[in-house]
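Peer 1: Following this message is one structure expressed as structure tokens.
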Amino acid sequence: MARNNPLNGYTSKNRVQLVRGGTTYFSSLSELINRARVSIHFQVYILEEDETGHVVLEHLCRAAERGIAVYILVDGYASQHLSKKRIREIRTRGVKFRWFDPLLRSRNFYFGRRLHQKVCVVDAAYALVGGVNISNRYNDMPGQSAWLDWAILVEGEVPEKLYQVCLELWNKSGWGKAKQVRFKLPARQLAYPDTTCLVRVRRQDWVRFRTEISNSYLRMMQDAKQEVYMLSSYFLPGRQMRNAMAAAVKRGVKIYVIAAGKSDVIMAKEAERYLYRWLLKNNVQLYEYQSSVLHGKISCADGKWATVGSFNINFISAYASIELNLEVLDEFFAAAVKEQFIAIINNESVSLTGVGALQQFGLFARIWQKICYTSIRLLFVLFTFYYKQRRN
42 MARNNPLNGY TSKNRVQLVR GGTTYFSSLS ELINRARVSI HFQVYILEED
92 ETGHVVLEHL CRAAERGIAV YILVDGYASQ HLSKKRIREI RTRGVKFRWF
142 DPLLRSRNFY FGRRLHQKVC VVDAAYALVG GVNISNRYND MPGQSAWLDW
192 AILVEGEVPE KLYQVCLELW NKSGWGKAKQ VRFKLPARQL AYPDTTCLVR
242 VRRQDWVRFR TEISNSYLRM MQDAKQEVYM LSSYFLPGRQ MRNAMAAAVK
292 RGVKIYVIAA GKSDVIMAKE AERYLYRWLL KNNVQLYEYQ SSVLHGKISC
342 ADGKWATVGS FNINFISAYA SIELNLEVLD EFFAAAVKEQ FIAIINNESV
392 SLTGVGALQQ FGLFARIWQK ICYTSIRLLF VLFTFYYKQR RN
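Counting in the numbering used here, the sequence shown runs from 42 upward without gaps.
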């Protein structure tokens, strides 16, 4: 991997805040939508017609009725159960709605290439980027805690780049003579924040030659000097990443990984457990989160670098999905992220690091884990072997 200037792409006129999923996230999202004066770009993997989805769509519709240009782009597979009636209703109320690659109906359809990013950009001045989908599962509901997830609320220069990213995807998702939206940054309503925080946009879309997030993770691991914390659902690092982790541990770097104790995809969880033996053999400090389903994708390193977004540390995010993360190079923000890791490790997780930690997995369990791991790798190859990289 080329060793370019590590500060490439960072902008400094930003203010950031770490937002945990659940009620806090959806309150922040509602406030952001209601703040809009010019435009809203809302792009998400899963948008469901449950209580949470209804509230979010209602805020977006009311914004459109106030004269705000509202653009909603959702994944054509993960959100396929969104009803035609609901789509007609929001369009009637002024919302502009499109699907990303509807199944078997897109011009350049790739089965596994899904719109996995989750982002809301308001007026090209504010944005919320993370791993949270729009569904009751990601919200705090009566008798149910939200799945564990995070986002970054950012104000300043970075939302201008995110506005460009969203507009690009919106225009490419139109069919036939679908109207293209001309790129023009809205006039800023406020001055840039007077704070200094280095933030940059990282994208992943292997088909389009974009591998920024996987490259950043690899470089972070290669450059780490003291400690690395990683939390990712479906944690299945590839060979290159595993080699970098092993080399970091040999340099004296302490690596902490929080994996899911409960998962919404059982086969993926068992495949993940197949790698536990390798992780522990290489002295990685391993934990399983217990309080709810772990869905977050967040990491920090050496008390100065952090990344939050939609990218899972596995081959699907690296080579198939469209992903979006924000990287922050700031000691105060990195400390806030590390504080979350410490709290989760101490209060909501069980350690799998001690002697005999794997004894709970007997022979048949290990065989099943191997089968799951091999099956997932095989399915990935079957669904993506025909992928071709292209620039446009």
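Every residue gets a Cβ at the ideal spot worked out from N, C-alpha and C, and that includes glycine.
Roughly how many angstroms separate the alpha carbons of D91 and K266, rounded to a whole number?
Peer 2: Computed Cα separation, rounded: 46 Å.
Peer 1: Please classify K338: is it buried, with 16 or more other beta-carbons within 10 angstroms of its beta-carbon, or exposed?
Peer 2: Buried, since its Cβ has 16 or more Cβ neighbours within 10 Å.
Peer 1: Report yes or no: do three or more beta-carbon pairs, one from the segment 113-129 and one from the segment 185-203, lie closer than 8 Å?
Peer 2: Look at the beta carbons and you see the segment 113-129 not touching the segment 185-203: under three pairs across the two are nearer than 8 Å.
Peer 1: Could you pull out every unbroken beta strand (DSSP E) segment of at least 3 residues lying fully inside the segment 89-173, listed in chain order?
Peer 2: 110-116, 137-141, 159-163 and 167-171
Peer 1: Assign G94 to buried or exposed, taking buried as 16 or more other Cβ atoms, counted over all protein chains shown, within 10 Å of its Cβ.
Peer 2: Within 10 angstroms of the beta-carbon of G94 lie 16 or more other beta-carbons, which makes it buried.
Peer 1: Find out if the Cβ-Cβ distance for the pair Q410, R280 is shorter than 9 Å.
Peer 2: One thing to note: Q410 has its Cβ no nearer than 9 Å to the Cβ of R280.
Peer 1: What would DSSP say about F250, mapped onto helix, strand or coil?
Peer 2: The answer is coil: DSSP assigns F250 none of H, G, I, E or B.
Peer 1: Starting from V334, trace the beta strand (DSSP E) both ways and give me its first and last residue.
Peer 2: Q326 to V334
Peer 1: Three-state secondary structure (DSSP) at K310?
Peer 2: helix
Peer 1: Which term fits H122, buried or exposed, when burial requires 16 or more other beta carbons within 10 angstroms of its beta carbon?
Peer 2: That one is exposed.
Peer 1: Would you report the Cα separation of S340 and A288, rounded to the nearest angstrom?
Peer 2: Computed Cα separation, rounded: 18 Å.
Peer 1: Nearest CA to the CA of K291: which residue from G171, R76 and K322?
Peer 2: K322
Peer 1: Suppose contacts are defined by Cβ-Cβ distances below 9 Å. Is L88 in contact with I175 by that definition?
Peer 2: Less than 9 Å separates the beta-carbon of L88 from that of I175.
Peer 1: Excluding the 5 residues flanking A168 on each side, which residues of the same chain have their C-beta closer than 6 Å to its C-beta?
Peer 2: V162, V195, P200 and L203
Peer 1: Based on the DSSP secondary-structure assignment, which residues constitute the bridge partners of G344?
Peer 2: Note: G344 sits in no beta bridge, so no partner.
Peer 1: For the candidate residues C102, F67 and G63, whose alpha-carbon lies nearest to that of S80?
Peer 2: Answer by Cα proximity: C102.
Peer 1: Compare the beta carbon distance of D164 and R76 with 9 Å and say whether it is the shorter of the two.
Peer 2: Their beta carbons are under 9 Å apart, which means D164 touches R76 by this criterion.
Peer 1: Can you tell me which of V136, G171 and K379 puts its alpha carbon nearest to the alpha carbon of S69?
Peer 2: G171
Peer 1: Would you mind reading off the limits of the alpha helix (DSSP H) that contains M286?
Peer 2: R280 to K291
Peer 1: From this set, Y275, V240, T415 and P278, which residue's C-alpha is nearest L367's C-alpha?
Peer 2: Ranking Y275, V240, T415 and P278 by Cα distance to L367 puts V240 first.
Peer 1: Note down, in chain order, each residue of its chain lying with its Cβ closer than 7 Å to the Cβ of A43, except the 5 sequence neighbours on either side.
Peer 2: Summary for A43: the model assigns pLDDT 47, below 50, so the residue's position carries little reliability, and this model does not support an answer.
Peer 1: How is K54 classed by DSSP in three states: helix, strand or coil?
Peer 2: coil
Peer 1: When the Cα atoms are used, what is the spatial distance from I386 to I131?
Peer 2: C-alpha separation (whole angstroms): 42 Å.
Peer 1: Short of 8 Å in beta carbon distance, which residues of its chain neighbour S390, apart from the five on each side in sequence? Order them along the chain.
Peer 2: I299, G302, Y328, E329, Y330 and Q331
Peer 1: My assumption, with CB atoms under 8 Å, is that L365 sits in contact with R244. Please give the rounded CB distance.
Peer 2: 6 Å
Peer 1: Would you kindly report the start and end of the unbroken beta strand (DSSP E) that includes S390?
Peer 2: S390 to S392
Peer 1: Near T52, which residues of its chain fall below 8 Å by C-beta distance, leaving aside the five closest residues on each side in sequence?
Peer 2: Cβ neighbours of T52 within its own chain (closer than 8 Å, five residues either side excluded): G197, E198, V199, K202, L239, V240 and R241.
Peer 1: Could you give the DSSP three-state label for A232: helix, strand or coil?
Peer 2: coil
Peer 1: Using the C-alpha atoms, what's the distance from E253 back to Q84?
Peer 2: 20 Å
Peer 1: Look up N366 in the DSSP assignment and say whether it is helix, strand or coil.
Peer 2: strand
Peer 1: In angstroms, rounded to a whole number, what distance separates the CA positions of P234 and K54?
Peer 2: So the alpha carbons of these two residues sit roughly 6 Å apart.
Peer 1: With the cut-off set at 9 Å, would you say K295 and Q326 are in Cβ contact?
Peer 2: yes
Peer 1: Taking the continuous alpha helix (DSSP H) assigned at Y297, which residues delimit it?
Peer 2: From DSSP, Y297 is part of no alpha helix (DSSP H) but of the beta strand (DSSP E) over K295 to K303.
Peer 1: Report the residue from L335, R251, S304 and M261 whose alpha carbon sits nearest the alpha carbon of L272.
Peer 2: L335
Peer 1: Figure out for me which residue from Y275, K159 and L393 has the closest Cα to the Cα of V306.
Peer 2: Y275
Peer 1: Within this structure, are the beta carbons of V173 and K137 separated by less than 9 Å?
Peer 2: no
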